[in-house]
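Reading through the structure tokens given below for one structure.
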Amino acid sequence: MHKEIIEFLDQLNSEYLELHQKYENFFRESYMWDHSKDEEYAQSQIELENWKSNWKNSQKVSFFIQKLQESKTDQDLLRRLQHRKYFFSLHQIPEEAKPLKEKIIKFENDLQKRQAEISTWYEDLDGNFVKASRSKMTMIMRTEKEEKIRKSCFESIQKIAKIFVKDLIQLTKRKNEFAQKLGYKNFYEYKAQTEERMSSEEIFKLFDELYDKISPKFQKIRELEKNMPWLRKPRNFGYMMSGDFTKQEDPYFLLETIIDKRWKSYTALGIDYQSAVMKLDLLERKGKYDNGFCHQPLPTSFKNGKKISWQTNFTCNAIYGQVGAGNITWVTLFHEWGHAAHFSNMEQKDVILNTEYPPQWVAWAETQSMFLDTMFSSIERKMRYATSLEGEKYPFDLYEKKVRKLHILSGLGMLSIASVVKFEEILYTTKEENLTEDFVLDLAKELSSKYFDYSEQSLRILTVPHIYSRSSSAYYHGYGMAELGLQQIRDYFYDKDGFIVDNPNVSKILTKGRNLGSSKGYNDLLQTIIWENLSPNAFIKKVLQTEEEVIQTAKKRRAKVKSVPVFKGKVNLNAKIYLVDGKKQISNNIEHSWEEMNQKRGEYIKKD
Ligand SMILES: [Zn+2]
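Note that the numbering used here has the sequence shown beginning at 50, numbered continuously upward.
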């Protein structure tokens with residue numbers, strides 16, 4: 050029996066790996082440049098989903114569980130089977146719901162293709178139409194001094210937002226119908242229960258609490274408007290509050306320096322990618338998906354007890370020469386590298402527990418990535434690693450000025466997440482007959498007033514790409530919950546060691562949680578590394594600090610990091626990195642040294 054069960058689990062692993070890899074390869078082609086194979090992409094998705102919902106495998110698992118329980122032998126094998134049972138239970142779909150699911154997948158892929166094909170533009174000062182992506186126009190709104198250009202970008206984004214509302218409604222109705230066929234009251238409930246092991250109400254309550262605690266800060270921002278007329282116009286807010294800082298900080302985060310010697314801090318942190326193969330596609334291109342992400346075509350698996358090295362791809366939309374682009378690209382990169390660190394260290398015997406898909410928690414996966422992008426943005430790291438091309442270090446004065454002006458906005462990012470959660474809450478719980486275009490547009494506008502407190506309504510929520518895709522819709526709460534968890538983890542390290550940057554303990558402790566893959570729930574994983582349950586308190590405390598408190602804390606942390614010796618060794622992430630631009634190969638660290646790889650990359654972006 051024992052041998053039979055192991056063979057069965059091995060067979061499930063290899064079947065899954067094959068389908069997963071096929072799907073991920075088509076996914077990458079479709080999202081990165083080529084929509085000619087979208088049919089095959091949809092088909093591979095359907096095959097994978099059908100495998101996950103195969104009831105014969107599920108029944109066999111139940112049979113083996115019963116046998117093992119009767120014989121009271123091998124607890125490890127029993128646990129593995131129980132994980133399988135849970136996995137299959139997440140994907141069981143009644144026969145009559147399958148055609149609907151296939152329809153949704155096809156509809157969604159077609160929508161994605163149409164979204165990638167639209168051309169967008171803004172008007173410059175001479176009245177010329179300039180082609181630009183949504184990401185680029187968002188960045189221009191933050192940094193361009195000419196209000197007329199910012200206004201044109203804002204209006205253009207408003208137009209893009211309206212184009213796919215009908216599709217969104219159609220998709221929402223079908224997704225709700227699908228969830229109801231599975232016995233859930235709506236799609237959000239289905240996602241909450243299957244992906245977070247929570248009820249949607251618990252999630253909504255948490256975000257309502259965050260809104261109540263943070264939104265009184267709007268009053269202070271309104272007061273600023275007395276000296277900054279039209280501050281609360283969406284086209285002005287980002288620019289008037291932070292545009293100047295984006296420019297002043299830009300020299301310290303130039304795109305030319307990305308993937309440079311600063312990666313030493315990664316090595317110093319002790320991150321080990323377990324000899325993974327990584328493809329990095331970092332530059333913006335037309336037709337490429339408008340958001341960074343990290344996927345793993347080959348999750349960790351074991352053959353005869355030996356770990357098979359894994360593969361990952363990640364992407365962001367770097368625009369060379371655009372003020373602020375370097376910083377955003379760096380943050381995205383650290384974020385995606387964080388996902389990669391998580392994925393590469395998942396070490397469960399069953400592949401289904403080593404992927405980013407359910408039973409993996411969205412919130413837990415994002416905790417891993419956001420922990421690293423938050424560390425990247427910390428003042429201690431900036432002061433140690435952010436230098437201009439001339440070698441000048443990031444100045445503390447700039448940080449202090451920034452805190453004095455921008456701390457007032459701290460927590461607004463969470464409200465922006467909460468606005469998407471609220472939008473999707475209402476979208477999926479509204480009666481079908483009331484879901485009209487006007488209703489959805491009004492909802493987006495009303496929520497922009499409530500959650501951003503702008504003096505002019507905006508349709509920004511409708512430009513969030515996640516809401517149009519089945520796998521990433523009803524998902525945004527994950528970013529918010531991750532933010533809460535990562536603040537707890539940060540506090541833990543500050544309390545215990547006094548520092549995070551270049552602290553090898555960080556990887557040691559985080560790896561304990563990463564190794565567990567998705568074999569445990571969020572609270573259990575958090576307990577494993579810091580002995581706490583998820584709570585909003587650490588985050589709220591940070592947001593409600595005074596400017597003076599923030600600056601004093603930063604001084605203390607900086608002093609602590611100064612006492613930590615700078616890492617002198619070579620960059621070693623234990624990863625085989627390929628830099629690509631769509632189908633073009635730029636460079637890699639297998640044929641070239643780390644320094645040569647970066648140099649080639651620098652030359653490539655300048656000539657492109
Ligand atoms: Zn992420």
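In this text, a Cβ means the ideal position worked out from N, Cα and C, and glycines have one as well.
Note that this is a predicted model, so its numbers are computed, not measured.
Span of the beta strand (DSSP E) around residue i
i	result
F227	Element bounds for F227: not the beta strand (DSSP E) but the alpha helix (DSSP H), 214-230.
D630	624-630
V326	325-332
T577	Per DSSP, T577 belongs to no beta strand (DSSP E); it is in the alpha helix (DSSP H), 571-579.
F616	Neither: F616 is in no beta strand (DSSP E) and is coded neither H nor E.
E172	170-172
I357	355-357
S138	First-last for S138: 124-140, but that is the alpha helix (DSSP H), not the beta strand (DSSP E).
F302	Careful: F302 lies outside any beta strand (DSSP E) and carries neither H nor E.
S350	350-352
Contacting residues, own chain, Cβ-Cβ under 7 Å from residue i (five flanking each side not counted)
i	result
K162	H84, D87
F136	I401, P408
L492	F472, I475
N225	N235, F236, Y477
N106	L61, F137
F75	K86, E89, Y90, S93
S426	V380
Residue of the options minimising C-alpha distance to residue i
i	options	result
K185	P407, T378, Q576, I457	T378
V599	E449, E481, F616	E449
S358	R128, D321, G529, E251	D321
L438	D339, E298, W410, A412	E298
S584	Q360, E258, E473, I198	E258
A39	Y524, F425, N586, M327	This structure does not reach residue 39, given that the chain is present from 50 up to 657, and the question cannot be answered.
T361	Y338, S518, Y171, S324	S324
E441	D339, E396, P300	P300
R284	G319, M188, D422, P265	M188
K134	V110, W279, A181	V110
L303	G373, S567, T349	G373
K194	Y260, A228, K296	K296
G387	L535, D502, S497	L535
A317	I589, K655, L66, K557	K557
V411	D630, Y260, Y524, I589	Y524
T501	I368, F267, K155	It is worth fixing the name first, because residue 501 is Phe in this sequence and not Thr. Considering only alpha carbons, the answer is F267.
Proximal residues to residue i (C-beta, below 8 Å), its chain only, five neighbours per side dropped
i	result
K215	E486
H51	T122, D123, L126
T658	Here the chain comprises residues numbered 50 to 657, so residue 658 is not present and cannot be evaluated.
E157	L220, Y517, S518, R519
D293	none
Neighbour-count burial assignment, residue i, 16 or more Cβ in a 10 Å radius
i	result
A210	buried
N483	exposed
T595	exposed
L628	buried
Q60	exposed
R271	exposed
L174	exposed
Q601	exposed
N666	Given a span of 50 to 657 for the chain in the structure shown, any question on residue 666 remains unanswerable.
R453	exposed
E405	buried
I639	exposed
S636	buried
P346	buried
I212	exposed
F112	exposed
Residue i Cβ short of 7 Å to ligand 3 heavy atom set
i	result
E250	Ligands in the displayed structure: ligand 1; ligand 3 is not one of them.
6 Å CB neighbourhood of residue i in its chain, flanking five on each side removed
i	result
I658	A query on residue 658 cannot be resolved here, the shown segment of the chain reaching from 50 to 657 and no further.
H391	Q417, R563
Endpoints, the alpha helix (DSSP H) within which residue i is located
i	result
A374	374-393
E661	What is shown of the chain runs 50 to 657, which leaves residue 661 out entirely.
I635	That residue, I635, is in no alpha helix (DSSP H); its beta strand (DSSP E) goes 633-637.
Q371	Unbroken run through Q371: none, as it is neither H nor E.
Q115	104-120
P27	With the chain represented from 50 up to 657, any question about residue 27 goes unanswered, as that position is not in the structure.
P148	147-166
F588	586-592
V489	486-501
P283	283-287
Q94	87-101
Sufficient close CB pairs (3 or more, under 8 Å) joining the stretch 205-214 to the stretch 492-510: Short answer: they touch.
Contact between the stretch 279-289 and the stretch 418-438 (3+ Cβ pairs under 8 Å): Not touching, per the Cβ criterion.
Three CB pairs or more closer than 8 Å across the stretch 246-260 and the stretch 165-172: Of all C-beta pairs linking the stretch 246-260 to the stretch 165-172, fewer than three are shorter than 8 Å, placing the two stretches out of contact.
Given 8 Å, three or more beta-carbon pairs between the stretch 542-553 and the stretch 603-611: When Cβ pairs closer than 8 Å are counted between the two stretches, the stretch 542-553 is seen to touch the stretch 603-611, the count reaching three or more.
Contact the stretch 94-114 vs the stretch 144-157: 3+ CB pairs below 8 Å: Short answer: they touch.
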